[in-house]
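*Asks:*
In this note's numbering, the protein residues as written are 28 to 198.
1) As a quick exercise: from 94, 89, 38 and 165, pick the residue whose alpha carbon is nearest that of residue 209.
2) What would DSSP say about residue 87, mapped onto helix, strand or coil?
3) Which first and last residues belong to the beta strand (DSSP E) in which residue 173 is found?
4) Please classify residue 91: is it buried, with 16 or more other beta-carbons within 10 angstroms of its beta-carbon, or exposed?
5) In terms of DSSP beta bridges, what is residue 146 paired with?
6) With C-beta atoms as the reference, is residue 97 less than 8 Å away from residue 175?
7) For residue 100, count the other beta carbons within 10 Å of its own beta carbon; 16 or more makes it buried, fewer makes it exposed. Which is it?
8) In three-state terms, what does DSSP make of residue 52?
Here's what the structure looks like:
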């Protein structure tokens, strides 16, 4: 429960800070990140072992809930950095690869190699994991850039909001 609580606090803090000071909504990114996290953790659950009992305790159908929300947080951070860069076209693609290399590779190194939060059950060199984060993250960010507003509108319509969730918009 502790991992889930910490990740939810980080997501809420990032979301509220971006909304208040940058006038950006990261709701679409959070939804896509959570869906990617659930899907990825479920499909690849046999390839690693988590070393903290808290992770196994808060799992649903083999998917650690805190880790799935961790995906949402990292995708929110990467998308925020990409949006702040303000690039378009091919420069944005390269920037997104560098951003995902930093965000994904950074968390991979910190949580897997330093903290030993998880270990792989298959032999996978660190360089391959980093390249995977960079290229896989590029595809995730491309999806986020294309569909984040659609996911946000759908979520807000389910909640009955008509203002589009824009900061300062009236109901």
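For glycine and all other residues, C-beta sits at the position ideal for the given N, C-alpha and C.
All values reported here derive from a predicted model rather than from experimental measurement.
*Replies:* Checking against the coordinates, here is how it stands:
1) Any question about residue 209 goes unanswered here, given that the chain covers just 28 to 198.
2) In the chain shown, the residue the question calls residue 87 occupies position 60. In the structure shown, residue 87 sits in a strand (DSSP, three-state: E or B).
3) As a position in the chain shown, residue 173 is number 146, starting the count at 1. Premise fails: residue 173 lies in the alpha helix (DSSP H), 153 to 185, not in any beta strand (DSSP E).
4) Position 64 of the chain shown, counted from the first residue, corresponds to residue 91. With 16 or more Cβ atoms within 10 Å of its Cβ, residue 91 is classed as buried.
5) Counting from one through the chain shown, the residue named residue 146 turns up at place 119. According to DSSP, which records beta bridges pairwise, residue 146 is partnered with 76.
6) For the purposes of this step, residue 97 is identified with residue 70 of the chain shown, where counting begins at 1. For the purposes of this step, residue 175 is identified with residue 148 of the chain shown, where counting begins at 1. Taking 8 Å as the Cβ cut-off, residue 97 and residue 175 do not qualify as a contacting pair.
7) In the chain shown, the residue the question calls residue 100 occupies position 73. Burial of residue 100 is indicated by the presence of at least 16 other C-beta atoms within 10 angstroms of its C-beta.
8) Your numbering for residue 52 matches position 25 in the chain shown. Of the three classes helix, strand and coil, the one that applies to residue 52 here is coil, per DSSP.
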